[in-house]
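Residue numbers (the UniProt record's numbering): 1 to 443.
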């Protein structure tokens, strides 16, 4: 009886740790109050275990205070997923532009000097002053509040910070600011603001020698992100192991060909322990193939990009994946645009796709959005030829979306008919795609 109770308690503790790890991986900055309160409480309860695990296995630091939990994740710049998961706007769902990223950084700089409360108009004035810096001007970036589009960019950056818990809205709405009809008042949360910087070194500790503004920024950024030297063979092995673990935690598919030779050899020797540790912490299920490893999420909650997904863009991505899965080599983007254009009128007429999918040029937007999704999931890679034409290279994991002839179990045939009992799905019908392709792609 005592043994059974002990086992049950250990299992309960392991389940809680797993939920806490998944929560902080999904949202690396959790506030103690608001919608993340339950997740924060879990992470706080198991903070000692999680702090040790992330430091040992991934080289990430976990800070837990009474106000927030912050997992400081770093991304390998040469990894295939380093630039495929951008911040997105909520309405409509669009990836952040270069301008919006710069505005978000300028907002953070302005907030570091702000009072406990600030208006959006006040933030805008501070951003305008910062945007006049010669270093930014040298990059060609200009920012004013003269147009609705530029005010919309600023509002999108502010909403991103609201989502991270850096700001909370007290009164007003960003839409009024965009329309130039009102202002917004915010509370500034210092702890969350301080936790936004993900770097082992503080920017104030870095000195750059270049006099050119553009080169100065590049030099400081390199020092900010450059890892310290290994020092010994043991430290080198530890860095490689952490790098592989980060890939398994952050990327939908880890392809052996994407790894440097030392990392690939290390993974071949230690794959059981590395993959096992990730699976135990997260509940992800390893799918190991000749080409690489995917950590599949049975719950489908650890992803920011889903496949399959409903709607025009979701079905278009699935349609392209099905087409690319049967390709024997690179496929020109123009071929994919022709495919979408040939299907758009029929699907829109049946109500499966939005009506604007038939507008001139809509095929290019739909294909670009779909390829962004497929590339983020590690299913394709885009390559540009010398003539500027872009081709799409299918990657091995896309084979799971191939449509093949159904295998008929003769035992299921109704007597005397010679026909299978179940109808054959049509791969060109969106509603049948949604039911025959239900497996969630690896994170």
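We put the CB at the ideal spot given by N, CA and C, even for glycine.
message: Assuming contact is defined by CB atoms lying nearer than 8 Å, are residue 301 and residue 26 in contact in what I supplied?
response: Counted from its first residue, the chain shown places residue 301 at position 301. Counted from its first residue, the chain shown places residue 26 at position 26. Using a Cβ distance threshold of 8 Å, residue 301 and residue 26 count as a contacting pair.
query: Near residue 159, what residues of its chain come up, given a Cβ to Cβ distance below 8 Å and the 5 sequence neighbours on each side ignored?
result: Stepping through the chain shown from its first residue, residue 159 is reached at position 159. Excluding positions up to five away in sequence, the list reads 89, 90 and 174.
query: How long is the line joining the alpha carbons of residue 254 and residue 54, rounded to whole angstroms?
result: Stepping through the chain shown from its first residue, residue 254 is reached at position 254. Stepping through the chain shown from its first residue, residue 54 is reached at position 54. Answer to the nearest angstrom: the Cα atoms are 19 Å apart.
task: Pair every Cβ in the segment 387-397 with every Cβ in the segment 324-334, then say whether three or more of these pairs are closer than 8 Å.
output: By the Cβ criterion, the segment 387-397 is in contact with the segment 324-334, since at least three pairs of Cβ atoms, one from each stretch, lie closer than 8 Å.
message: So, with DSSP's three-state summary, where would you put residue 187?
response: Taking the first residue of the chain shown as position 1, residue 187 is located at position 187. Under the three-state reduction of DSSP, residue 187 is assigned to strand.
task: Measure the C-alpha to C-alpha separation of residue 37 and residue 189 and round it to an integer number of angstroms.
output: Indexing the chain shown from 1 puts residue 37 at position 37. Indexing the chain shown from 1 puts residue 189 at position 189. Straight-line Cα distance between these residues: approximately 16 Å.
query: Run through DSSP, which three-state label would residue 134 get?
result: Start at 1 with the first residue of the chain shown, and residue 134 comes out as number 134. Residue 134: helix per DSSP, three-state reduction.
- request: Throw me the rounded Cβ distance for the residue 165 and residue 192 pair, which I believe falls under 8 Å.
  value: Position 165 of the chain shown, counted from the start, is the residue given in the question as residue 165. Position 192 of the chain shown, counted from the start, is the residue given in the question as residue 192. 4 Å between Cβ atoms; contact.
query: beta strand (DSSP E) containing residue 37: first to last residue?
result: Locating residue 37 in the chain shown gives position 37, counting from the first residue. From DSSP, residue 37 is part of no beta strand (DSSP E) but of the alpha helix (DSSP H) over 37-45.
message: What would DSSP say about residue 193, mapped onto helix, strand or coil?
response: For the purposes of this step, residue 193 is taken as residue 193 along the chain shown, with counting starting at 1. In this structure, residue 193 counts as helix in the three-state DSSP scheme.
- prompt: Leaving out five residues before and five after residue 287 in sequence, what residues of the same chain have Cβ atoms less than 6 Å from its Cβ?
  reply: Taking the first residue of the chain shown as position 1, residue 287 is located at position 287. Here residue 287 has 294 and 296 as same chain residues with Cβ atoms under 6 Å from its own Cβ, once five neighbours each way along the sequence are excluded.
- request: Name the two residues that bound the continuous alpha helix (DSSP H) containing residue 366.
  value: To locate residue 366, count along the chain shown from 1; it is residue 366. That run of the alpha helix (DSSP H) goes 362-376.
message: Which complete alpha helix (DSSP H) runs does the segment 265-352 hold, if anything under 4 residues is left out?
response: Listed in chain order, they are 311-325 and 333-349.
- request: Could you spell out the range, first to last residue, of the alpha helix (DSSP H) harbouring residue 101?
  value: Here residue 101 corresponds to residue number 101 of the chain shown, with the count starting at 1. Where residue 101 is concerned, the enclosing alpha helix (DSSP H) stretches over 98-111.
query: Considering only C-alpha positions, which residue in the set 100, 127 and 97 is nearest to residue 109?
result: Translated into the one-based positions of the chain shown, residue 109 becomes position 109. Among 100, 127 and 97, the Cα nearest to that of residue 109 is on 127.
- request: Within its chain, find whatever has a CB closer than 7 Å to the CB of residue 19; leave out the 5 residues flanking it on each side and keep chain order.
  value: What you label residue 19 is simply residue 19 of the chain shown in a count that begins at 1. The beta carbon of residue 19 sits closer than 7 Å to the beta carbons of 42 from its chain, once the five residues preceding and following it are set aside; these are given in chain order.
message: Output needed for residue 304: all residues of its chain with C-beta closer than 7 Å, excluding positions within five of it in sequence on either side, in chain order.
response: For this step, residue 304 is matched to residue 304 along the chain shown. The residues are 85.
field: Beta-carbon proximity of residue 68 to residue 29, cut-off 8 Å
entry: Residue numbering aside, residue 68 sits at position 68 when the chain shown is read from its first letter. Residue numbering aside, residue 29 sits at position 29 when the chain shown is read from its first letter. Annotated as proximal: residue 68 and residue 29, with beta-carbon spacing under 8 Å.
field: As assigned by DSSP and simplified to three states, the class of residue 255
entry: For the purposes of this step, residue 255 is identified with residue 255 of the chain shown, where counting begins at 1. Of the three classes helix, strand and coil, the one that applies to residue 255 here is strand, per DSSP.
message: Suppose you measure from the CA of residue 256 to the CA of residue 238; what does that come to, to the nearest Å?
response: The residue given as residue 256 occupies position 256 in the chain shown. The residue given as residue 238 occupies position 238 in the chain shown. Residue 256 and residue 238 have their C-alpha atoms some 19 Å from each other.
Alpha-carbon to alpha-carbon, residue 378 and residue 46: If you number the chain shown from 1, residue 46 lands on position 46. If you number the chain shown from 1, residue 378 lands on position 378. Answer to the nearest angstrom: the Cα atoms are 32 Å apart.
task: Run the CB neighbour count on residue 147, radius 10 Å, all protein chains shown included, and call it buried at 16 or more, exposed below.
output: As a working mapping, residue 147 is identified with position 147 in the chain shown. Label assigned to residue 147: exposed.
task: State the beta-bridge partners of residue 390 as determined by DSSP.
output: For the purposes of this step, residue 390 is identified with residue 390 of the chain shown, where counting begins at 1. Assignment of beta-bridge partners to residue 390 by DSSP yields 384.
message: Please list the terminal residues of the continuous alpha helix (DSSP H) segment that includes residue 454.
response: A query on residue 454 cannot be resolved here, the shown segment of the chain reaching from 1 to 443 and no further.
- prompt: If you draw a straight line from the C-alpha of residue 117 to the C-alpha of residue 221, how long is it?
  reply: Here residue 117 corresponds to residue number 117 of the chain shown, with the count starting at 1. Here residue 221 corresponds to residue number 221 of the chain shown, with the count starting at 1. Rounded to whole angstroms, residue 117 to residue 221 spans 31 Å at the Cα level.
- prompt: Just reading off the alpha helix (DSSP H) that residue 395 is part of, what are its end residues?
  reply: The residue labelled residue 395 in the question sits at position 395 within the chain shown. For residue 395, there is no enclosing alpha helix (DSSP H), as DSSP marks it with neither H nor E.
- prompt: Who are the near neighbours of residue 64 in its chain, counting only those whose CB is closer than 7 Å to its CB and skipping five residues on each side?
  reply: Against the chain shown, residue 64 aligns to sequence position 64. Same-chain partners within the cutoff: 43, 44 and 47.
query: Could you give the C-beta distance for residue 278 and residue 245, rounded to a whole number, given that I count them as a contact under 8 Å?
result: Position 278 of the chain shown holds residue 278. Position 245 of the chain shown holds residue 245. Right, their Cβ atoms sit about 6 Å apart.
query: Taking the alpha-carbon positions, what's the residue 351 to residue 309 distance?
result: In the chain shown, residue 351 corresponds to position 351, counting from 1. In the chain shown, residue 309 corresponds to position 309, counting from 1. In a straight line, the C-alpha of residue 351 is about 16 Å away from that of residue 309.
Residue 358 vs residue 313 beta-carbon contact at 8 Å: The residue labelled residue 358 in the question sits at position 358 within the chain shown. The residue labelled residue 313 in the question sits at position 313 within the chain shown. For residue 358 and residue 313, no; Cβs fall outside 8 Å.
- prompt: Do residue 157 and residue 178 have their C-beta atoms within less than 8 Å of each other?
  reply: Here residue 157 refers to the residue found at position 157 when the chain shown is read from its first residue. Here residue 178 refers to the residue found at position 178 when the chain shown is read from its first residue. Contact flag unset, no.
- prompt: On the premise that residue 315 lies in contact with residue 339, defined as a C-beta separation below 8 Å, what is that separation, rounded to the nearest angstrom?
  reply: On the chain shown, residue 339 is found 339 positions in, with the first residue counted as 1. On the chain shown, residue 315 is found 315 positions in, with the first residue counted as 1. Not really, about 13 Å apart at Cβ, beyond 8 Å.
message: Given a cut-off of 8 Å on the beta-carbon distance, is the pair residue 223 and residue 240 in contact?
response: Residue numbering aside, residue 223 sits at position 223 when the chain shown is read from its first letter. Residue numbering aside, residue 240 sits at position 240 when the chain shown is read from its first letter. No, the Cβ-Cβ distance between residue 223 and residue 240 is not below 8 Å.
query: At least one CB of chain C closer than 8 Å to the CB of residue 145: is that the case?
result: Looking for chain C here will not work: only one protein chain is present.
task: Please go through the same chain and pick out, in chain order, the residues whose beta-carbon is closer than 7 Å to the beta-carbon of residue 262, but skip the five residues on each side of it.
output: The sequence position of residue 262 within the chain shown is 262, counting from 1. Apart from sequence neighbours up to five positions away, the residues of its chain that approach residue 262 with a beta-carbon distance below 7 Å are 240, ordered along the chain.
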